[in-house]
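Using my numbering, the first residue of the sequence shown is number 17, and each one after it goes up by one.
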Amino acid sequence: MSGISNEGRQVSADFIYLPTKREMPQYYKLISNPMDFSRIRRNLKHGLYDTIDALGSDIKLLCINCQKFNRDDSDIFRDSETLLEIWERLKASATALV
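Pasting the structure below:
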(Lines of atoms letter the chains of each structure in order from A and count residues from 1; the text may use other names and numbers.)
(Lines give C-alpha, C1' and ligand atoms only; values in the text may rest on other atoms or scores of the structure.)
Protein backbone atom coordinates (compact mmCIF):
# COMPACT_ATOMS: atom_id res chain seq x y z
CA MET A 1 0.00 0.00 0.00
CA SER A 2 1.49 3.30 -1.04
CA GLY A 3 -0.46 5.28 1.54
CA ILE A 4 -0.76 8.35 -0.66
CA SER A 5 -4.03 10.26 -0.64
CA ASN A 6 -5.70 11.69 -3.74
CA GLU A 7 -4.16 15.02 -2.76
CA GLY A 8 -0.69 13.44 -2.83
CA ARG A 9 -0.30 13.48 0.95
CA GLN A 10 1.39 10.60 2.81
CA VAL A 11 -1.24 9.04 5.07
CA SER A 12 0.34 5.76 6.19
CA ALA A 13 3.28 7.08 8.24
CA ASP A 14 1.35 7.32 11.53
CA PHE A 15 0.32 3.68 11.18
CA ILE A 16 3.77 2.11 10.82
CA TYR A 17 4.45 1.79 14.55
CA LEU A 18 2.09 1.88 17.49
CA PRO A 19 2.81 4.31 20.30
CA THR A 20 4.44 2.66 23.30
CA LYS A 21 2.44 1.98 26.45
CA ARG A 22 4.58 4.57 28.18
CA GLU A 23 3.85 7.21 25.51
CA MET A 24 0.12 6.56 25.35
CA PRO A 25 -1.22 4.25 28.09
CA GLN A 26 -4.81 5.33 27.39
CA TYR A 27 -4.58 3.79 23.91
CA TYR A 28 -3.93 0.36 25.38
CA LYS A 29 -6.77 0.74 27.87
CA LEU A 30 -9.23 1.35 25.03
CA ILE A 31 -7.78 -0.85 22.26
CA SER A 32 -7.72 -4.56 23.13
CA ASN A 33 -6.07 -5.82 19.92
CA PRO A 34 -3.51 -3.24 18.71
CA MET A 35 -2.23 -3.47 15.12
CA ASP A 36 0.27 -1.51 13.04
CA PHE A 37 1.95 -1.89 9.66
CA SER A 38 5.16 -3.20 11.22
CA ARG A 39 3.20 -6.16 12.64
CA ILE A 40 1.44 -6.69 9.32
CA ARG A 41 4.80 -6.68 7.54
CA ARG A 42 6.19 -9.19 10.05
CA ASN A 43 3.13 -11.42 9.60
CA LEU A 44 3.56 -11.27 5.82
CA LYS A 45 7.25 -12.12 6.12
CA HIS A 46 6.44 -15.17 8.25
CA GLY A 47 3.62 -16.35 5.97
CA LEU A 48 0.89 -15.89 8.54
CA TYR A 49 -1.76 -14.76 6.06
CA ASP A 50 -3.38 -17.66 4.17
CA THR A 51 -5.65 -15.43 2.12
CA ILE A 52 -5.99 -11.86 1.00
CA ASP A 53 -8.99 -11.61 3.33
CA ALA A 54 -6.81 -12.53 6.32
CA LEU A 55 -4.43 -9.72 5.41
CA GLY A 56 -7.41 -7.44 4.93
CA SER A 57 -8.70 -8.27 8.41
CA ASP A 58 -5.54 -6.88 9.99
CA ILE A 59 -5.56 -3.80 7.78
CA LYS A 60 -9.18 -3.18 8.73
CA LEU A 61 -8.35 -3.78 12.41
CA LEU A 62 -5.59 -1.16 12.21
CA CYS A 63 -8.07 1.35 10.78
CA ILE A 64 -10.93 0.45 13.14
CA ASN A 65 -8.61 0.86 16.12
CA CYS A 66 -7.60 4.29 14.85
CA GLN A 67 -11.22 5.31 14.38
CA LYS A 68 -12.17 4.04 17.82
CA PHE A 69 -9.38 5.98 19.52
CA ASN A 70 -9.37 9.25 17.54
CA ARG A 71 -11.96 11.93 16.92
CA ASP A 72 -13.79 11.64 13.62
CA ASP A 73 -12.74 15.16 12.63
CA SER A 74 -9.01 14.43 13.10
CA ASP A 75 -6.53 14.02 10.26
CA ILE A 76 -5.52 10.56 11.44
CA PHE A 77 -9.15 9.38 11.45
CA ARG A 78 -9.56 10.60 7.87
CA ASP A 79 -6.21 8.99 6.99
CA SER A 80 -7.56 5.66 8.23
CA GLU A 81 -10.55 6.05 5.92
CA THR A 82 -8.20 6.79 3.03
CA LEU A 83 -6.12 3.70 3.84
CA LEU A 84 -9.27 1.56 3.79
CA GLU A 85 -10.19 2.99 0.39
CA ILE A 86 -6.69 2.27 -0.93
CA TRP A 87 -6.86 -1.27 0.46
CA GLU A 88 -10.23 -1.92 -1.20
CA ARG A 89 -8.86 -0.74 -4.57
CA LEU A 90 -5.74 -2.91 -4.21
CA LYS A 91 -7.81 -5.91 -3.17
CA ALA A 92 -10.13 -5.47 -6.15
CA SER A 93 -7.12 -5.24 -8.48
CA ALA A 94 -5.52 -8.35 -6.98
CA THR A 95 -8.79 -10.28 -7.19
CA ALA A 96 -9.19 -9.28 -10.84
CA LEU A 97 -5.76 -10.78 -11.60
CA VAL A 98 -6.68 -14.19 -10.19
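Note that the Cβ used here is the ideal one computed from N, Cα and C, for glycine as well.
What's the gap between the Cα of ASN81 and the Cα of PRO50? 7 Å
Tell me the rounded alpha-carbon separation between LYS84 and ALA70. 21 Å
Which residue wins for smallest C-alpha separation from ARG55, given the options SER48, PHE31, LYS45? Comparing alpha-carbon positions, the option among SER48, PHE31, LYS45 lying closest to ARG55 turns out to be PHE31.
Under the rule that 16 or more other beta-carbon atoms within 10 Å means buried, what is ILE48, buried or exposed? It should be noted that the sequence gives Ser, not Ile, for residue 48. Exposed is the call here.
Report, in whole angstroms, the separation of the C-beta atoms of LEU99 and CYS79, which I expect to be a contact under 8 Å. Confirmed, Cβ separation roughly 6 Å.
Per DSSP, GLN83 forms a beta bridge with which residues? Answer by DSSP bridge pairing: none, since GLN83 is not bridged.
Unbroken alpha helix (DSSP H) run spanning ARG38, endpoints: Element bounds for ARG38: n/a, residue is neither H nor E.
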